[in-house]
Amino acid sequence: MAKGIGIDRRTLLWMYETMVTIRRFEEQCKREADAGKLSGMHSSVGQEAVPTGICAHLRTDDYVLGNHRSHHHCIAKGVDINEMMAELLGKVTGTNRGKGGTMHIADIGKGMLGANGVVGSNIPVTTGAALSAKLKGEDTVSVVFFGDGASGQGALHESMNLAGIWKLGVIFVCENNRYAEATPFEYSVAGGSIAARAAGYGFPGVRADGQDVLEMYEVAGEAVRRARAGEGPTLIEAQTYRYLGHFGADNPLLYRSEEEEARYRAKDCIAGLSAHILEEGVAGEAELSAIDERALAAVTAASRFADESAFPEDRELFADVYNDYASGRFTRHAESGA
Amino acid sequence: MSETRENLRALTFTQAVNEALRQEMERDGTVFIMGEDVAGGAGRADFEDAWGGPFRLTKGLIGEFGPDRVRDTPISEAGFIGAGVGAAATGMRPIVDLMFVGFFGVCGDQIMNNAAKMHYMFGGKVGVPLTIMTSIGAGTNSAAQHSETLYSIFAHFPGLKCVCPSGPYSAKGLHIAAIRDDDPVIVFNHALLMGRRGANVERDDVYGLHVPEDPYVLPIGKSLVAREGADVTLIGTGYTTLVCCEAAAQLAEQGYSAEVVDLLSISPLDEETILESVMKTRKVVIVDEDYPRCSVASDLSALVAEEAFDYLDAPPKRVTAPHTPVPYSQPLEALYLPNRERVVSAALSVLA
Ligand SMILES: Cc1ncc(C[n+]2csc(CCOP(=O)(O)OP(=O)(O)O)c2C)c(N)n1
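First to last, the protein sequences are chains C and S.
The first sequence begins at 19 in my numbering and counts up one residue at a time.
The second sequence begins at 13 in my numbering and counts up one residue at a time.
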C-alpha cells in the first residue's frame, strides 16, 4: 500500500495543522527574539514532521520528553501555545510560571514531562517513566526526543541497555538533523548509523525519513504498538534537517553550504503533506488555507496573550524549592528592597 | 594615561585567553585542546574553524596547530574529559573545554574521582597536568541549567585547583598558570566577562586595559587587592569583583573607603591576603554568585570568624545568590543576582 493511504482524514488534517502551527510558532519566536523579548532559542523549523508523526499515535497520558530544541515536541503533544509563548517571555501565565523558559517547557497534564537543556539528560528520565508504567501495570508509552549529537552521551547507551533488559515501553527518537551545533554528523558518529546501535541491545532500530510525516507516522505506529503491548523499546533515527542556525544568531553557512540547505528545503515536510492531501483528495486548497489561517491566528493570539500577561512576582523566586534562607539571614532581596 | 600610552594592548577577555592558549601551544608541543566545537565544521576542509569555541576562546587555533591539537569532540563529556585525565597522566598537557559548568554532572566522576585523586591515591607517582576551562554565570536569560556559578563544589575536593579570572589580564595569566601547573586546574570564565575589556582605564596593572604580549603567569593561590581602602573589605570573585569595585565607587561618594579583594584563586585559598585586609578594615562583605550553602562565601566567612574574630567590628556579611536554582524570567533573574545596590547596602550595614 502506498504511504499514507490508510491514514484517516482527521489524522491527516491534524498532522497538517500541527506542523503548520509549529512553523508559525517558531517564526513568531524569531520575531519576539528580534524585538528583544527573549534572548534566543533553538528553532525546530524543518523538523516538524518528526514529533508530529509520533505524537499522532499518543494519548494524553503517554509521556514525551524533549531536549533543548523542543517547541515542536511540546506543540505536537498538545501543550497550549498561549502558555508556551508566555513561558518564553518569562511570564507568570507560562507553562512553568516563567521559571523555565525555552529549554524547559513542561506540562505534566498534557504528558509533556519536560524539555531539557543538558544534552542527553532526559533519556534516562524517560526510561524511568516507562519503568513506572511497567510497575503500575499501565500501557502508557514514554517517548524521548534527542539529537544526533546526544547519541554521543553515555546516558543513551545506559538507558538503551536498561530498557532492553527490562523490556520497557520507551521509544528513543533520534532527530538526526545532521549537525550538533557546528559539528557534522559524519564526523561525530562512529559507524555512521545511530539506528544500528539498537541491535546491540536486542531491540529494533529503524531509520526513517523525518521529512516525510507519513513515513514517520508509519514507523511510529509499530513502535507504539510494541511499547503498549509490552514487547519493549524501539529506536527510531529520523533523518531530518534544521533549516536555521543552532541557536539565535548562529550562521549555519559557516559550516554547511547553501546547496545543501536548498536540497533539504526542497523536501519540506509541510509541502509534502499538503501535496499528498490534495492529490488524494483528502481536502481541497480552500480547506488547507483555512487551516493555515487558523494556525496563524492562534499564534498571533498566543503572542498577544504573552504580551498582556504579567511577570512573576518577586516571591516566585523562592517558591517551589526547599529554602530556609528566604526570610533573609543573608543580605539579599528582602533587606535590599530590590 | 594608559589609553593614550604607546603600545597599549586593550584585549578583550576572550582575546586574552586566546592569546594565552596560542602561546602555550607554541611553547610546549604536549599542550592540546579538546572540546565541542573548539574548531567547528569538523572534517570539512571548507568550513574549518566554523565556531572557534562556544565562546570563541579557541578561534584561529586549528589553523595554526591543526586538528590533532585542536580536537573537536562529540558531545561526550565523560568520554573526552576522562580522556583528558588519561592523556595528562601519560605525558600530555590537555586543555579540555566544559562548555557550561552545569554540565559537570555528566563528567563529575572523571573530575572528582580521577583527576582530583590520582596523584594522591597513587602515592604521588602520577601527575595529572590537566586544564579544564568552563563558563559560569547568570544574567543571560538562560535558566537553571546554563547559568550556574558552581565553583564551591570543585573547591570542596582536595586535589583540584580552582581559579577565576576577573578581567583580560588575569585571564591570560591564570590560563597560562593553569596549563603549566602539574595538577588539574579548573578555570572558571564568567559569561558576562568574556566579551569585555579591562575595567579601569586609569590603571596600568591587572585591572587596567593593557594586556602584555609576552607570556606571564599569575600565581595560583594568590589573591590581589583590586582597590585599596580603609573602612571595609569587599571580597569578590570573577564577575563579582567588578560588582565590588562598582560598589566601592559608590561608597566613596558616600564618604567610605572600601577595599576590594579579588580572590582569583578559589583553591588553594590566599588566607594571608584576605586576613590582612580584614584585620586592617575590621569589616567584611563577601560577595559570591554561587549558591550560599556550603560555599566559597561560607568558607570565607568561617575563615574570617575563626582567624580574625578579635579584629572584627561587625559579623562578616555575605551577599550571594539565594538558595534557589537560577530562574528564567528576567525580573526574577535580576533579583537573583548579587548587584551593586545589595553590596552597598550590606557594606553600609556593617559600617553603621
Ligand atoms: C551535556 C551538554 N553538553 C553540551 C551542551 C551544549 N549544547 C547544546 S545543544 C548542543 C548540540 C546538540 O546537538 P544534537 O543533540 O544533535 O541536537 P540539535 O541541536 O541538533 O537539535 C550542544 C553541544 C549541552 N547543552 N549539554
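Ideal placement from N, C-alpha and C gives every residue a C-beta, glycine not left out.
All figures in this text were calculated on a predicted structure; none of them were measured in a lab.
Original post:
What does a CB cutoff of less than 6 Å around C:Y81 pick up in its chain, not counting 5 residues either side in sequence?
Top reply: As a working note, residue 81 of chain C is residue 63 in the first sequence. Answer for C:Y81: G129, L131, A147 and S160, listed in chain order.
Original post:
Of all Cβ atoms in chain S, is any one closer than 8 Å to the Cβ of C:M59?
Top reply: Position 41 of the first sequence, counted from the first residue, corresponds to residue 59 of chain C. Not closer than 8 Å to any Cβ of chain S, the Cβ of C:M59 fails to qualify, so no.
**OP:** Quick one: using the 10 Å Cβ neighbour count with 16 as the cut-off for buried, is S:E160 buried or exposed?
**Re:** On the second sequence, position 148 is the one that residue 160 of chain S refers to. Classification of S:E160: buried, given that the 10 Å Cβ count is 16 or more.
Original post:
Relative to the alpha-carbon of S:A179, which residue among S:Y219, S:D58, S:E318 and S:A167 has its alpha-carbon at the smallest distance?
Top reply: To locate residue 179 of chain S, count along the second sequence from 1; it is residue 167. Per the sequence presented here, residue 179 of chain S reads as Gly, with Ala not at that position. Among S:Y219, S:D58, S:E318 and S:A167, the Cα nearest to that of S:G179 belongs to S:Y219.
Original post:
In three-state terms, what does DSSP make of C:F265?
Top reply: Your numbering for residue 265 of chain C matches position 247 in the first sequence. If DSSP states are grouped into helix, strand and coil, C:F265 belongs with coil.
Subject >> Straight-line gap, S:Y323 to S:K292 (C-alpha atoms, nearest Å) >> reply: Here the question's residue 323 of chain S lines up with position 311 in the second sequence. Here the question's residue 292 of chain S lines up with position 280 in the second sequence. About 8 Å.
Subject >> Selected residue, minimal CA-CA separation from C:A241, among C:V68, C:I254, C:E276 and C:K185 >> reply: Reading the first sequence from its first residue, position 223 is the one you call residue 241 of chain C. Considering only alpha carbons, the answer is C:I254.
Original post:
Per DSSP, C:N194 forms a beta bridge with which residues?
Top reply: Counting from one through the first sequence, the residue named residue 194 of chain C turns up at place 176. Answer is C:Q257.
Original post:
Quick one: what's C:R225 bridged to in DSSP?
Top reply: Locating residue 225 of chain C in the first sequence gives position 207, where the first residue counts as 1. In the DSSP output, where bridge partners are listed per residue, C:R225 has C:E255.
Subject >> DSSP state of C:S88 mapped onto helix, strand, coil >> reply: On the first sequence, position 70 is the one that residue 88 of chain C refers to. DSSP places C:S88 in coil when its eight states are reduced to three.
**OP:** Closer than 9 Å by beta-carbon distance: list the chain S residues that pair up with C:M103, in chain order.
**Re:** Translated into positions along the first sequence, residue 103 of chain C becomes position 85. Within 9 Å Cβ-Cβ: nothing; C:M103 doesn't reach chain S, min ~14 Å.
Original post:
Rounded to a whole number of angstroms, what is the C-alpha to C-alpha distance between S:G64 and S:F92?
Top reply: Stepping through the second sequence from its first residue, residue 64 of chain S is reached at position 52. Stepping through the second sequence from its first residue, residue 92 of chain S is reached at position 80. One C-alpha to the other measures close to 18 Å.
Subject >> Any beta strand (DSSP E) of 3 or more consecutive residues that is wholly inside the stretch 148-192 of chain C >> reply: 160-165
Subject >> Assumed close pair S:E76, S:R34 - CB separation to whole angstroms, cut-off 8 Å >> reply: To locate residue 76 of chain S, count along the second sequence from 1; it is residue 64. To locate residue 34 of chain S, count along the second sequence from 1; it is residue 22. Going by Cβ atoms, the distance from S:E76 to S:R34 rounds to 7 Å, so yes, they are a contact pair.
Original post:
In whole angstroms, what separates the C-alpha of C:G108 from that of C:R49?
Top reply: If you number the first sequence from 1, residue 108 of chain C lands on position 90. If you number the first sequence from 1, residue 49 of chain C lands on position 31. Answer to the nearest angstrom: the Cα atoms are 16 Å apart.
Original post:
Taking the C-alpha atoms as reference points, what is the distance between S:C174 and S:F112?
Top reply: Here residue 174 of chain S refers to the residue found at position 162 of the second sequence. Here residue 112 of chain S refers to the residue found at position 100 of the second sequence. S:C174 and S:F112: Cα-Cα distance of roughly 15 Å.
Original post:
Residue range of the alpha helix (DSSP H) that S:P79 falls in?
Top reply: Taking the second sequence and counting its residues from 1, the one referred to as residue 79 of chain S is at position 67. Its alpha helix (DSSP H) spans residues L73 to R81.
Original post:
In chain C, which residues lie less than 7 Å from S:A90 when you measure between Cβ atoms?
Top reply: In the second sequence, residue 90 of chain S corresponds to position 78, counting from 1. Neighbours of S:A90 in chain C, taken as residues at a C-beta separation under 7 Å, are given in chain order as G172.
Original post:
Closer than 8 Å, CB to CB, is C:F323 near chain S or not?
Top reply: Residue 323 of chain C sits at position 305 when you count from the first residue of the first sequence. Chain S contact via Cβ: absent.
Subject >> Boundaries (first-last residue) of the beta strand (DSSP E) holding S:H202 >> reply: Stepping through the second sequence from its first residue, residue 202 of chain S is reached at position 190. V197 to H202 is the span of the beta strand (DSSP E), which, as asked, contains S:H202.
Subject >> Coil, strand or helix - C:C287 by DSSP >> reply: Working through the first sequence from its first residue, we reach residue 287 of chain C at position 269. Three-state DSSP puts C:C287 in a helix.
Original post:
Ordered along the chain, which non-local residues of its own chain (more than five positions away) have a Cβ less than 7 Å from that of S:D255?
Top reply: For this step, residue 255 of chain S is matched to residue 243 along the second sequence. A small fix is needed here, since residue 255 of chain S is Val in this sequence, not Asp. Hits under 7 Å: G248, V299, P350, N351, R352 and V355.
Original post:
Based on the DSSP output, what are the partners of S:A270 in its beta bridges?
Top reply: Numbered from its first residue, the second sequence carries residue 270 of chain S at position 258. S:A270 is bridged to S:V244.
Subject >> Identity of the residues DSSP links to S:S147 by a beta bridge >> reply: Locating residue 147 of chain S in the second sequence gives position 135, where the first residue counts as 1. DSSP output for S:S147 lists S:F112 and S:N201 as bridge partner(s).
**OP:** Helix, strand or coil for S:C306, going by three-state DSSP, please let me know.
**Re:** Locating residue 306 of chain S in the second sequence gives position 294, where the first residue counts as 1. Here S:C306 sits in coil by DSSP.
Subject >> Pairwise C-alpha distance: S:R81 and S:V297 >> reply: Sequence index remark: in the second sequence, residue 297 of chain S carries index 285 (1-based). Sequence index remark: in the second sequence, residue 81 of chain S carries index 69 (1-based). Taking the straight line joining both Cα atoms gives about 43 Å.
**OP:** On a CA-only basis, which of C:D227, C:A238 and C:E297 is nearest C:Y259? Give me that one, please.
**Re:** Mapped onto the first sequence, residue 259 of chain C falls at position 241. Checked all of C:D227, C:A238 and C:E297; the closest Cα to C:Y259 is C:D227.
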